[in-house]
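For the sequence shown, the numbering used here gives the first residue as 1, with consecutive numbering after it. For reference, the structure is listed below as structure tokens.
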Amino acid sequence: MSTPRIAHRTTHRLSINAPADLVFSMLRDASHWPYLDGLTVYSERVSGDETTHELRTSVVSNGSLSSSHCWRVFDAARHRAEFQQLNLEAPLQQLGGDWEIRQADGLTVVTLNHAFEVDDEHLAERINQIIEDYSRRELEALRASCERLSILLQHHAPQGQPADGSTAQPTAREA
């Protein structure tokens, strides 16, 4: 008789003072993560393209180095990214989730959802604590990096050009 799998879900949310496009691009391009987030020591896109790819990362978690592979799928129009960890070891049977990025009240709200299944309920709380700690640190690192980059882009944007890279619309007086 097999041990029953028990599903768990977590949600973490943070507001960032930076454009949603910038936040989404920071999530999509993991090549710079070792320089920005303080958690990742190695990151490489193993296969795929800008919309779907396999990512290999090594991170420091709970004082030790761990490596993982995940499959990521991006929806740029909706500012959404889904991820699924690959090659998991027992007791973890499934680990995945998604990032949702949306504008609200002049800020970008980032929601990080995780879903995981374990076959040992006694370890579920420990896994949940690890996800809690890592998600909090990851979101804070994303916030700090995006806000710094947004300020730099604003200071270095050509005059008359918005910092987010969009084309300025002429006013009625200019038209």
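The C-beta atom is built at its ideal place from N, Cα and C for all residues, glycine as well.
If you ignore the 5 residues before and after M26, its C-beta comes within less than 7 Å of the C-beta of L142, S145, C146, all in its own chain and listed in chain order.
In this structure, DSSP gives A20 a helical state, which the three-state scheme calls helix. DSSP lists no beta-bridge partner residue for I127. Here the alpha carbons of A30 and V118 stand approximately 27 Å from one another. DSSP, read as helix, strand or coil, puts R136 in helix. For L92, the uninterrupted beta strand (DSSP E) run begins and ends at 92-104, by DSSP.
At a Cβ-Cβ threshold of 8 Å, L65 and E138 do not count as neighbours. Shown here for S15: same chain residues with a beta carbon closer than 6 Å to its own, the five before and five after excluded, namely L107, V109 in chain order. Assigned with DSSP and collapsed to three states, E147 falls in helix. In the DSSP assignment, the residues bridged to W71 are E54, Q84. Taking the Cα positions, S150 is about 8 Å away from P19.
Close CB contacts of H53 within its chain, under the 8 Å cut and outside five residues either way in sequence, are with R45, V46, S47, W71, R72 (chain order). The C-alpha of A81 is placed about 6 Å away from the C-alpha of D75. Across the set R5, A77, Y42, the C-alpha of A77 shows the shortest separation from the C-alpha of R102.
When rounded, the separation of the alpha-carbon atoms in S61 and D133 is 9 Å. If you ignore the 5 residues before and after E140, its C-beta comes within less than 8 Å of the C-beta of L14, all in its own chain and listed in chain order.
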